[in-house]
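Student: Residue numbers (full-length UniProt numbering): 1 to 437. Just so you know, even glycine gets a beta-carbon here, dropped at the ideal spot from N, CA and C. A quick note: this is a predicted structure, and the numbers were derived from the prediction, not measured. If you scroll down you'll find the structure; I have some questions about it.
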Amino acid sequence: MGSENLSQDTLAEQLLELAIKSGAEAAEVYQSRSLSRPVFFEANRLKQLETNQSEGTALRLWRNGRPGLTVAYGSVLAEVMVEKALALSQLNQPETVELGSNSQPSYPDLGKGVPIEILVDWGKEAIALIRDAYPDVVCNSDWECDAETTRIVNTKGLDCYYTDTTLNCYMSAEWVRGDDFLSVSDGQTKRGELHPEILANQILQRLIWARENVSSPTGRVPVLFTSKAADMLWGTVQEALNGKRVLEVASPWAERLGNPVIAPSLTLYQDPEAGPYSCPFDDEGTPTQFLVFIQNGTLQHFYGDRTTGRQLGTNTTGNGFRPGLGSYLTPGLFNFLIQPGSASLPDLIQELDDGIIVDQMLGSGGSISGEFSINVDLGYRVQNGQVIGRIKDTMVAGNVYTALKQLVTLGNDADWNGSCYTPSLIVEGLSTTGRSN
Numbered sequence: 001m002g003s004e005n006l007s008q009d010t011l012a013e014q015l016l017e018l019a020i021k022s023g024a025e026a027a028e029v030y031q032s033r034s035l036s037r038p039v040f041f042e043a044n045r046l047k048q049l050e051t052n053q054s055e056g057t058a059l060r061l062w063r064n065g066r067p068g069l070t071v072a073y074g075s076v077l078a079e080v081m082v083e084k085a086l087a088l089s090q091l092n093q094p095e096t097v098e099l100g101s102n103s104q105p106s107y108p109d110l111g112k113g114v115p116i117e118i119l120v121d122w123g124k125e126a127i128a129l130i131r132d133a134y135p136d137v138v139c140n141s142d143w144e145c146d147a148e149t150t151r152i153v154n155t156k157g158l159d160c161y162y163t164d165t166t167l168n169c170y171m172s173a174e175w176v177r178g179d180d181f182l183s184v185s186d187g188q189t190k191r192g193e194l195h196p197e198i199l200a201n202q203i204l205q206r207l208i209w210a211r212e213n214v215s216s217p218t219g220r221v222p223v224l225f226t227s228k229a230a231d232m233l234w235g236t237v238q239e240a241l242n243g244k245r246v247l248e249v250a251s252p253w254a255e256r257l258g259n260p261v262i263a264p265s266l267t268l269y270q271d272p273e274a275g276p277y278s279c280p281f282d283d284e285g286t287p288t289q290f291l292v293f294i295q296n297g298t299l300q301h302f303y304g305d306r307t308t309g310r311q312l313g314t315n316t317t318g319n320g321f322r323p324g325l326g327s328y329l330t331p332g333l334f335n336f337l338i339q340p341g342s343a344s345l346p347d348l349i350q351e352l353d354d355g356i357i358v359d360q361m362l363g364s365g366g367s368i369s370g371e372f373s374i375n376v377d378l379g380y381r382v383q384n385g386q387v388i389g390r391i392k393d394t395m396v397a398g399n400v401y402t403a404l405k406q407l408v409t410l411g412n413d414a415d416w417n418g419s420c421y422t423p424s425l426i427v428e429g430l431s432t433t434g435r436s437n
């Protein structure tokens with residue numbers, strides 16, 4: 001399934017032509033096709049192989065300035081989609097039509113696929129590495145090769161497309177010791193090749209740390225968020241940088257451009273060529289761009305789509321995305337990177353006289369207000385620079401903005417957790433409560 005196949009499909013052209021003939025002054029077609037081949041392991045054994053295909057088309061048009069959006073999956077008649085979109089447009093208020101023109105029609109495809117046999121071998125290798133060290137542990141994992149082709153065409157001459165092939169894996173290790181249940185999980189998303197040995201070693205390290213259960217500290221102690229857990233903090237920051245939240249005056253940083261907002265050791269940015277979540281253009285067809293949001297703690301830019309950029313008096317930053325195929329465009333991020341520090345994870349641990357490591361948590365992080373309270377699903381206590389065991393029934397609460405101003409140390413172990421590339425870090429100013437053994 002290559003991008004050239006979707007570009008040769010005539011449905012998009014049919015929809016645009018019919019929309020204009022039916023009275024629309026502008027129209028846009030967004031098409032997505034995906035092919036995935038997941039491999040499932042359950043209870044240490046290969047369980048299932050699958051092949052999943054999907055195809056979706058979204059038509060957005062304007063008649064008398066009123067937008068109408070409709071979505072279809074699989075084969076569809078152009079007449080039906082246009083009629084539905086026109087009918088829906090009558091229910092909406094007029095708006096400014098925001099469409100881009102052609103900048104580059106064809107973009108290089110990203111990534112490459114691997115055979116199912118390789119996915120199976122990777123899964124077996126990772127499970128064997130864990131069970132060789134811990135025979136009582138039960139492993140479940142998913143390994144997947146997913147190819148998605150995106151094409152955007154509109155009546156202003158825009159026509160751009162590409163195919164993105166990514167490899168994903170997720171693995172959990174369950175360890176039952178009497179009435180004590182421990183579940184450690186981790187995953188990878190990459191292009192070209194997955195690394196089962198690295199994945200297994202990350203899980204093995206957590207199992208080693210969890211050999212003993214110990215009591216939790218209480219009060220304000222330093223908290224080390226691993227790279228797997230740190231993205232909880234960055235979700236709030238991403239909302240504060242959203243141009244739409246600035247317009248709504250919901251972002252606490254709405255009037256803070258050019259001012260320090262977090263610790264001076266932090267630099268936050270997006271990069272259209274970095275990692276497995278890079279993409280050449282957004283869902284409006286605008287080329288994505290390298291953009292530094294916060295430089296050495298100082299706020300530099302917000303991100304937005306065409307509409308938000310116009311309302312803010314700036315241009316789009318190439319961040320117009322659809323939360324779903326049937327959703328209208330809104331500001332979003334394709335990737336979000338935190339520039340790493342210089343300290344390794346063992347170095348960070350050695351800095352803690354008495355603190356905790358948060359590695360997995362239950363529930364989501366804070367809202368744009370920054371306030372949060374999380375239950376630690378997997379965490380550890382550190383004393384005198386050494387991990388002494390696993391903590392249970394522990395809660396951590398605080399404010400994201402305050403914590404990021406009280407950053408102690410930034411790690412050099414940055415990794416992708418979803419589309420967020422973040423290192424481990426130590427922050428102060430958080431309240432910890434736990435049950436003593």
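Which ranges would you report for the alpha helix (DSSP H) in the region 263-322 if only whole runs of at least 4 residues count?
Tutor: Within the region 263-322, the complete alpha helix (DSSP H) runs of at least 4 residues are 306-312.
Student: With distances taken Cα to Cα, identify the nearest neighbour of PRO287 among ALA43, GLU148, ARG306 and LYS244.
Tutor: For PRO287, the nearest C-alpha among the options comes from ARG306.
Student: Based on Cα-Cα distance, which residue from LYS190, LEU49 and ARG211 lies nearest to LYS112?
Tutor: Nearest option by C-alpha distance: LYS190.
Student: Taking CYS420 as the reference, give the member of ILE391, ASN399 and GLN238 with the closest Cα.
Tutor: When only C-alpha atoms are compared, the closest one is GLN238.
Student: Using alpha carbons as the reference points, say which of ALA173, ASP377 and SER32 lies closest to ALA133.
Tutor: Closest option to ALA133, Cα to Cα, is ALA173.
Student: If you count every other CB in all the chains shown that lies within 10 Å of the CB of TYR73, and 16 or more means buried, which is it?
Tutor: With fewer than 16 other Cβ atoms within 10 Å, it is exposed.
Student: Buried or exposed, going by whether 16 or more other CB atoms sit within 10 Å of the CB of VAL249?
Tutor: By the neighbour-count rule (16 or more Cβ atoms within 10 Å), VAL249 is not buried but exposed.
Student: Tell me the rounded alpha-carbon separation between ASN437 and GLY429.
Tutor: At ASN437, the pLDDT of 45 sits below 50, so the modelled position is not reliable; the number obtained from the coordinates is stated separately. Using only the alpha carbons, I get a separation of about 25 Å.
Student: With DSSP as the reference, identify every bridge partner of THR51, one or two as the case may be.
Tutor: According to DSSP, which records beta bridges pairwise, THR51 is partnered with nothing at all.
Student: Pull the bridge partners of MET361 from the DSSP assignment, please.
Tutor: DSSP lists VAL376 as partners of MET361.
Student: Is GLY355 closer than 8 Å to THR394 when the C-beta atoms are compared?
Tutor: In this structure, GLY355 does not lie closer than 8 Å to THR394 by Cβ.
Student: What residues match up with ASN168 in a beta bridge as DSSP calls it?
Tutor: Bridge partners of ASN168: GLU144 and THR189.
Student: Candidates ASP347, SER431 and SER215: which alpha carbon is nearest ILE374's?
Tutor: The option with the nearest alpha carbon to ILE374 is SER431.
Student: How many Å lie between TRP209 and GLY379 at the Cα?
Tutor: Those two C-alpha atoms are separated by around 9 Å.
Student: Is ILE426 helix, strand or coil when you go by DSSP?
Tutor: DSSP places ILE426 in strand when its eight states are reduced to three.
Student: Since I believe ASN319 is in contact with TYR303 (beta carbons under 8 Å), could you give me their beta-carbon distance rounded to a whole number of angstroms?
Tutor: At roughly 4 Å, the Cβ-Cβ gap stays under 8 Å, so TYR303 and ASN319 are in contact.
Student: With a Cβ-Cβ cutoff of 8 Å, do PRO423 and PRO340 count as a contact?
Tutor: A contact, by the Cβ cut-off of 8 Å.
Student: Grab the span of the beta strand (DSSP E) containing GLU42 for me, first residue to last.
Tutor: Where GLU42 is concerned, the enclosing beta strand (DSSP E) stretches over 26-42.
Student: Looking at the unbroken beta strand (DSSP E) that takes in GLY398, where does it start and where does it end?
Tutor: 394-399 is the span of the beta strand (DSSP E), which, as asked, contains GLY398.
Student: For PHE40, which residues of its own chain have a beta-carbon under 6 Å away from its beta-carbon, when the five flanking residues on both sides are left out?
Tutor: Around PHE40: LYS47, GLN48 and ASP142.
Student: Identify, in the order they occur along the chain, each residue of the same chain with its Cβ nearer than 8 Å to the Cβ of LEU129, setting aside the five sequence neighbours on each side.
Tutor: Hits under 8 Å: PRO196, GLU197, ALA200, ASN201 and LEU204.
Student: In angstroms, rounded to a whole number, what distance separates the CA positions of ARG206 and ASP159?
Tutor: Whole-angstrom Cα-Cα distance: 48 Å.
Student: Which residues in the same chain as ARG220 place their Cβ atom closer than 8 Å to its Cβ, once the five residues preceding and following it in sequence are excluded?
Tutor: Only GLU428, GLY429, LEU430, SER431 and THR432 meet the Cβ criterion.
Student: Just the C-alpha distance for PRO252 and ARG322, rounded to the nearest angstrom, thanks.
Tutor: Roughly 25 Å between the two C-alpha positions.
Student: Apply the 10 Å Cβ neighbour rule to PHE334 and answer buried if 16 or more other Cβ atoms are within range, or exposed otherwise.
Tutor: Flag for PHE334 reads buried.
Student: Give the DSSP-derived three-state secondary structure of ILE351 in the structure shown.
Tutor: The amino acid occupying residue 351 in the given sequence is Glu; Ile does not appear at that position. Here GLU351 sits in helix by DSSP.
Student: Run the proximity test for CYS160: is its beta-carbon closer than 7 Å to any non-hydrogen atom belonging to the ligand MN?
Tutor: You won't find the ligand MN in this model; it holds no ligand whatsoever.
Student: Using three-state DSSP, classify ARG245 as helix, strand or coil.
Tutor: Looking at ARG245 - three-state DSSP - the assignment turns out to be helix.
Student: Under three-state DSSP, which class holds GLU95?
Tutor: In the structure shown, GLU95 sits in coil (DSSP, three-state: anything other than H, G, I, E or B).
Student: How would you call SER185, buried or exposed, if buried means at least 16 neighbouring beta carbons within 10 angstroms?
Tutor: Classification for SER185: buried.
Student: Which value, in whole angstroms, describes the spacing of the CA atoms of SER215 and LYS392?
Tutor: In a straight line, the C-alpha of SER215 is about 8 Å away from that of LYS392.
Student: For PRO217, which residues does DSSP report across the bridge?
Tutor: According to DSSP, PRO217 bridges with nothing at all.
Student: Taking the straight line between their C-alpha atoms, what separation do you get for LEU291 and ILE338?
Tutor: Computed Cα separation, rounded: 12 Å.
Student: Using a threshold of 8 Å, state whether the C-beta atoms of ALA229 and MET361 are closer than that.
Tutor: Yes.
Student: Please report the straight-line C-alpha distance between ASN399 and PRO217, rounded to a whole angstrom.
Tutor: Cα to Cα, the separation comes out at about 19 Å.
Student: Alpha carbon to alpha carbon, how far is ASN102 from VAL120? Give it in angstroms, no decimals.
Tutor: Going by the C-alpha atoms only, they are around 42 Å apart.
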